[in-house]
Structure formats: C-alpha cells, structure tokens
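Residue numbers (the working numbering): 1 to 326.
Rendered as structure tokens:
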C-alpha cells in the first residue's frame, strides 16, 4: 500500500495541486519551467497566483514575495523540493518559506527582515539544485492552513533587462506517511555588515559553538548565499571531544556568480562542537561594496538542513556568530 503523495507547484502566475498514489522521482538539478500555458494536474486544482513578475524600468535589484495558502486536515511531511527556474537572466536567488500569515498572491516587494519570523525550508542560487530529504526526516506541514511563501531576488545590474518577466518557483511533494523526524533549516555565517574596499580581496571567517540541542543532530544538506563577488567558501566542524578532528563539510575555491552549487552532507553533531565557516570575495570595481541584508548587498550565509528540528529561528546561528575579517 502506497502513501498518498501531494504535489504542489508554487510558481509566479500558476499554482498547481494534485494527489498521486506514488512518489514521482525528481532530479535534484534545477529544472526549466514548463511552457507558459502550464496545464492543470490531472487530479487536482490549479490556482492562479497573481501575475508573472515584470522587471520595472530602471530597477537594478529587487526582492519580491509571493504566496499561497494550502489547507491541511492532518500533519504531512515535505519530502522533495525542486526549484523551477523560468528566467535565469534576471533571477539570482530564491527562498522557500512557511510564513506565519497569508502572503499576497501578487508579486510584491519585500525586505529580507520581513521573513525573519518565517520558517525557512530551502535556498536556491544559480548552480544549486533541489532537495530530496533522507528517509529519516521531512519538513512538517501541521494541521490547519500552511501559508507558503517564496522570496525571489532579481538583478538588472546593467539596466538592460527592464520589461523582462519571470514565473519561477518551486515544486514540492509531501506525504501523509510521517517520517521519524521533523527536519529544520539553520543559517550559519554573518549577519553584521562589513565593507569590501575597491580593488581588494576580503575573507570573513565565523565560528559557532553548538548548544545542547545539537547533541546527536544530523546535517544532511547545505547551500551558500553569496552574491556577485563571492569567490570561495567552506564549512568545517571541530569537536572538543576529539582535538584531532577537523571535518571539512564542504569547500569550493571556484565559486562564481553562475556556479554556486549545493552540497550533500551527512554528519552527526554534538553539543559543544564548533562550526566554522568562511566566505571569500574579490572586488574588481572602483567602488566599495557592502556585505549586508539589502537586495544588492553581498551575502555570507551557509544554510544547512538538519534533523531533528529544534524549532528556533533559522537565522539564530548567524546572529550568534563570532566573526573575523581578513
């Protein structure tokens, strides 16, 4: 007997819902969006979510949010998350959330701080893929109404893309056959602002000491949010129980704007472990560049998926980081 799978596509312009008897396998690579006239699923409803995003004239960078509400009579687990990318010319980042309230179905400008209280499930950047959760865990959808929200980051650095439209979003699959653990997401790295001078390189190294809830937790995936100037990144785990341990969870010395891969990980943590992260930038321009929270700022967030869920804000590790600039 198969658990019933609910498929939900959250796309600018279209949201489709269907129930299927089996889980359909999806590639973990980013997939191109289907044709603009996306057909309704054979068994379910299609809900129009606002209009496609259109790049305003003169805009350089913009963050917009779009949402849809889905009623649930019983708890379910999200087991697969697949980004559906429409216009890679202007889309440079995307985040998937469960919000605490209904989010407009029309693409609406929204700042990063507005999503701080939401539950983060996934981060997409160019070169990253989707996420198939391990059999031990799933992202929870509790009974009631799930307020799904997607935050999309657009760039038009040269001012040549005004009028470009986009219908990107996510395809999710959930199951009523609950897995042993709820999964969660945390962001390590830096929250505090810094500046990269003109014609200069900078690295930012941050550390977090893991609190008791991390004892016997499992990290199973990671991705990195940087921006145009990011060139290198890594994450390491150190343990006070084993002074010889220096586990590199992932590393990339060829980070580029169009190649920011996600990283499969499988590591168990312990209370008191130290997570150390690094971001490296190179500013070839003649103006200083800010690392911060605005749409056109550089970023340094290391986003990890883990279980069991600790039910604390996703940005807490980054907010508690001790960082040094070199």
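Glycine included, C-beta positions come from ideal geometry on N, C-alpha and C.
Use the C-beta contact count for residue 324: other C-beta atoms within 10 angstroms, 16 or more gives buried, fewer gives exposed.
Within the chain shown, the letter at position 324 stands for residue 324. Residue 324 comes out exposed.
Exercise. Do you know whose CA, among 239, 234, 185, lies nearest residue 317's CA?
Worked result: As a working note, residue 317 is residue 317 in the chain shown. For residue 317, the nearest C-alpha among the options comes from 185.
DSSP three-state label for residue 324, please. The residue labelled residue 324 in the question sits at position 324 within the chain shown. Here residue 324 sits in strand by DSSP.
Does the count of Cβ pairs from the region 190–200 and the region 267–285 closer than 8 Å reach three? yes
| Straight-line Cα distance separating residue 300 from residue 245 | Within the chain shown, numbered from 1, the residue matching residue 245 stands at position 245. Within the chain shown, numbered from 1, the residue matching residue 300 stands at position 300. Their Cα atoms are separated by approximately 25 Å.
Taking Cβ positions, are residue 271 and residue 178 nearer each other than 8 Å? Stepping through the chain shown from its first residue, residue 271 is reached at position 271. Stepping through the chain shown from its first residue, residue 178 is reached at position 178. Against a cut-off of 8 Å, the Cβ pair of residue 178 and residue 271 comes out as no contact.
_Quick check on residue 311: buried or exposed, where buried means 16 or more other Cβ atoms within 10 Å of its Cβ?_
Numbered from its first residue, the chain shown carries residue 311 at position 311. Answer is exposed; the Cβ neighbour count stays below 16.
Quick one: what's residue 201 bridged to in DSSP?
By one-based count along the chain shown, residue 201 stands at place 201. Bridge partners of residue 201: 282.
Practice item. Give, in chain order, every unbroken run of the beta strand (DSSP E) that is at least 3 residues long and sits entirely within the region 248–315. Key: 263–268, 274–283, 289–291, 301–307
Closest Cα partner of residue 129 within the set 95, 8, 241: Looking up residue 129 in the chain shown gives position 129. Among 95, 8, 241, the Cα nearest to that of residue 129 belongs to 95.
Exercise. Tell me the DSSP bridge mates of residue 206?
Worked result: Residue mapping note: residue 206 aligns to position 206 of the chain shown, counting from 1. Its beta-bridge partners are 277, 323.
Discussion item. Quick check: what's the CA-CA separation for residue 368 versus residue 86?
Written reply: This structure cannot settle anything about residue 368, because the visible part of the chain is limited to 1 through 326.
Pull the bridge partners of residue 169 from the DSSP assignment, please. If you number the chain shown from 1, residue 169 lands on position 169. Residue 169 is bridged to 11, 84.
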